[in-house]
Amino acid sequence: MKQIQAIFLAISISLVLVLFSSCSVTKKVAENNSAYLFVYFTGNAKTDEAIRFAISKDGYNYYALNDNKPVIASETISTTGGVRDPHILRGTDGTFYMTVTDLQTANGWDNQAMILLKSTDLVNWTSSKVDISKVFSGFKDVTRVWAPQTIYDAKAKKYMLYFSMLQPGGKDIVYYSYANKDFTALETVPKQLFFSPTKGSCIDADIIEKDGKFHLFLKTEDTADKGIKVAISDKLTSGYVLKDEYVDQTNESVEGSGVFKLNNSDTYILMYDMYRKGKYQFTSSTDLKNFKVIDENISMNFHPRHGTVLPITKTEAQRLIDKFGWFSNGAVATQSAAIKQNNIVVDVENKKMLLPVKSGTDLKHFDPEFKTNQGVSVSPSAAQDFSQKAVKYDFELGDLGKMTVDVEALVRNNPSLTGYYADPEILYSNKDNRFHLYPTSDGFFEWSGDSFKSFSSTNLVDWTDDGILLDLKKDVVWTDVKAWAPAAAEKKINGQYKYFFYYTGEGKIGVAVSDNPQGPFTDIGKPLVATKPNGITRGQIIDPDVFTDPVSGKSYLYYGNGFMVGVELNDDMISVKENTLTVLKPDRTFREGTEVFYRKGKYYFLWSEDDTRSENYRVRYATSDSPLGNFNIPTDNLILAKDPSQGIYGTGHNSVIQIPGTDEWYMVYHRFTIPKGITMGRSAGYNREVCIDRLYFDEEGNIIAAKPTLEGIQPLKK
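Going by the working numbering, the first residue of the sequence shown is number 5, and it counts up by one from there.
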């Protein structure tokens, strides 16, 4: 009897253990993927070559995490200080594996290392550096190790890495090697994975398995055969046969293809980097043979370079959102015409948003008019009272997460103009009693603008766009490029007001004439200044400034980058008195952007120091007792500089205006665009904004350093 009881007890215990085990298994059933993680970098600048994350609910609409800032600091994981081409994989054991190219292109395009990363939660990562040239003697002279990716080899039960390498005198070849168990190193000598039938270079390989076949997407680099093709094999490590057709759907240069399958769908997405155009293209396919462009369905609030997309679960997406936040400038748009769109500031960490609005905006009844992309909702949706405090808005990314953001609206009169402009010249017209602004049209790569606009105002705050006053391509016969840094003068000739517009065109100084301050202007048909003074071999003939001496009534032209020249203008204002040409001698801080004005017996000469692409671009000054005389340079002559506490950088190339009949003076200058300028590297130097702040003098006539502000000035009283 006791034996029977013991048997029943054992059976009962076994059943309980089985049931318990079954419950445990049930709890461990994998959560279905319902979102996507995009892993990418953003460009060739040092700050761009880093791992960034974005998230999507549907695989079409992506939102940058962490305000599009790196989620892993490149300098902590790399040998070069930069990383590119991130690839991410979900392992069979639930671990996430990521590989990146160890390369900072500021130092050139050669490299020898890759980085292996590992995580269990997508948030916390460990990393290892693998220097191919040091690990494998047969590759000690390798000059390029690019775009590593990982795939699980079910047959070998190991993680296989594949990447392109370049040996001296050879071509870029796609190799493969196996990672060790800890994913910290490569344990097998790299072998060639793909054999090009043309023996040409191949890079940026990406493998996906479909219907038991391995599809290897790669970029072919033959001189007459560049684009993305696919090679197919029954085996992971050999036998790839290249198909003839290109799968990219563009004639533009492409690289960095990535393929992923949409959740709960038979559709595959092939995306690639159109790197010369600065954009990504998405295509779709159900057979990995025929692809259709679907760019009209895609949205991103960032500009990615070569990356990959990984399907993830709602829990994983929420973890990423909790850590990094998905809401950033560009995740939602504001449509109110009162908002200065380029200057919206989003503080993701503190969940705050600042909307700079134009003068005269009714903050007590203000609606930002938020517009959201697909999958995002926002509330409230009507006008709110912003006059006393921030207003709380709820932004929801479907069921992936809600963020409550404190939205503040403040009147900010800097920048003065809407859009990107630089090198501002200001003039007061006695003909129409208005102030006129003439800036360089900015926002063009490497300062490639070819026209000038004018703006006018009665109060220095509310500016009217008066349109194009001079178009080099239409109005000038001697140049049609590099329209830079204008100056302007009003002169009464034969009892009539005439206006003279001096400008830079392709490294020469031109002049155009009009009867009205806003134009249109007629060019004189040839450069006013086309050669450097004798003895000057460096610098450029740019940045004209015109000054009429109130003492003598004579007008002078100043110009130069790397040197400063002053010369008297003839009475016609369109020719110079050659015998008056003087090479002026400021101190060694002079770079460009001369500005001259007169006040209480002193001639003031202002100039810009450093490079307009530098955050330290700034303004210094000297005084003189004549328009072409020797300089008295104060010991402390720095009068305009950056203010990091306000996020203001690159302050320079100014003009100065006196309010008629008063001793009230203002400085008009440009700065990097706020808030993103300081993150743009050298590109900040052609994404600049015009600002106006007050200029003061002490009792001895010294200029008191101007304080650059975000708020700007108040409108002049009529």
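Quick reminder that beta carbons are idealized off the backbone N, C-alpha and C, glycines included.
Predicted model only: the values in this text are computed from it and were never measured.
- For Arg323, the enclosing alpha helix (DSSP H) begins and ends at Lys318 to Phe328.
- With a contact defined as Cβ atoms closer than 8 Å, Lys344 and Arg416 qualify at about 7 Å.
- The continuous stretches of alpha helix (DSSP H) do not include Ser433, which lies in the beta strand (DSSP E) extending over residues Tyr425 to Ser433.
- For Leu476, the enclosing alpha helix (DSSP H) stretches over residues Leu476 to Asp479.
- A contact is defined here as three or more CB-CB pairs under 8 Å, and the stretch 109-119 fails this definition with respect to the stretch 55-64.
- Cα atoms of Tyr621 and Leu642: separation of roughly 11 Å, rounded to the nearest angstrom.
- Our two residues, Asp615 and Asp145, have alpha carbons roughly 39 Å apart in a direct line.
- Annotation: the continuous alpha helix (DSSP H) that includes Ile81 extends over Ser78 to Ile81.
- Under the DSSP assignment, Val139 falls in the alpha helix (DSSP H) whose first and last residues are Ile136 to Val139.
- Looking at the backbone, the Cα of Asp410 and that of Ile316 are separated by about 29 Å.
- As the crow flies, the alpha-carbon of Gln253 is around 34 Å from that of Phe374.
- Comparing alpha-carbon positions, the option among Asn463, Ser420 and Lys581 lying closest to Glu693 turns out to be Ser420.
- Taken atom to atom, the span from the alpha-carbon of Val139 to that of Ile119 is near 13 Å.
- DSSP, read as helix, strand or coil, puts Arg686 in helix.
- With distances taken between CA atoms, Lys606 lies nearest to Val555 out of Val555, Met407, Arg438 and Val515.
- Counting along the chain, Trp150 sits inside the beta strand (DSSP E) bounded by residues Arg148 to Asp157.
- Nearest C-alpha to Lys530 among Val178, Arg542, Gly514 and Gly539: Gly514.
- Segment contact: the stretch 74-81 against the stretch 94-101, fewer than three CB-CB distances shorter than 8 Å; contact not assigned.
- Residue pairing by DSSP places Thr408 opposite Asp398 in a beta bridge.
- For Thr627, the enclosing beta strand (DSSP E) stretches over residues Arg622 to Ser628.
- The criterion of a C-beta distance shorter than 7 Å is satisfied by Val623 and Leu644.
- For His307, the three-state secondary structure derived from DSSP is coil.
- Boundaries of the beta strand (DSSP E) harbouring Phe504: Gln500 to Gly509, taken from the DSSP string.
- CA-to-CA, the gap between Asp125 and Glu320 works out to about 7 Å.
- Distances from the CA of Ser659 to each of Ser649, Gly681, Ala710 and Ser687 were compared; the closest alpha carbon is that of Ala710.
- Leu720 is not a Cβ neighbour of Leu431, given a cutoff of 7 Å.
- In this structure, Leu220 is the residue among Asn354, Val533, Leu220 and Thr586 with its C-alpha nearest to the C-alpha of Ile232.
- The stretch 557-570 makes contact with the stretch 578-594, as at least three CB pairs between them are under 8 Å.
- Under the Cβ criterion (8 Å, minimum of three pairs), the stretch 381-390 counts as touching the stretch 364-371.
- With contacts defined as CB atoms closer than 7 Å, Gly689 and Arg675 fail to qualify as a contacting pair.
- Rounded to the nearest angstrom, the gap between the Cα atoms of Leu107 and His310 is 13 Å.
- Just so you know, the alpha carbons of Phe601 and Phe609 end up roughly 7 Å apart.
- Distances from the alpha-carbon of Ile136 to those of Leu292, Val149, Val127 and Phe218 put Val149 closest.
- Apart from sequence neighbours up to five positions away, the residues of its chain that approach Asp484 with a beta-carbon distance below 7 Å are Asp454, Leu476 and Lys477, ordered along the chain.
- Taking 7 Å as the cut-off, the Cβ atoms of Ala489 and Thr444 count as close.
- Minimum Cα-Cα distance from Ser649 among the listed residues Trp669, Asp270, Gln171 and Pro679 corresponds to Pro679.
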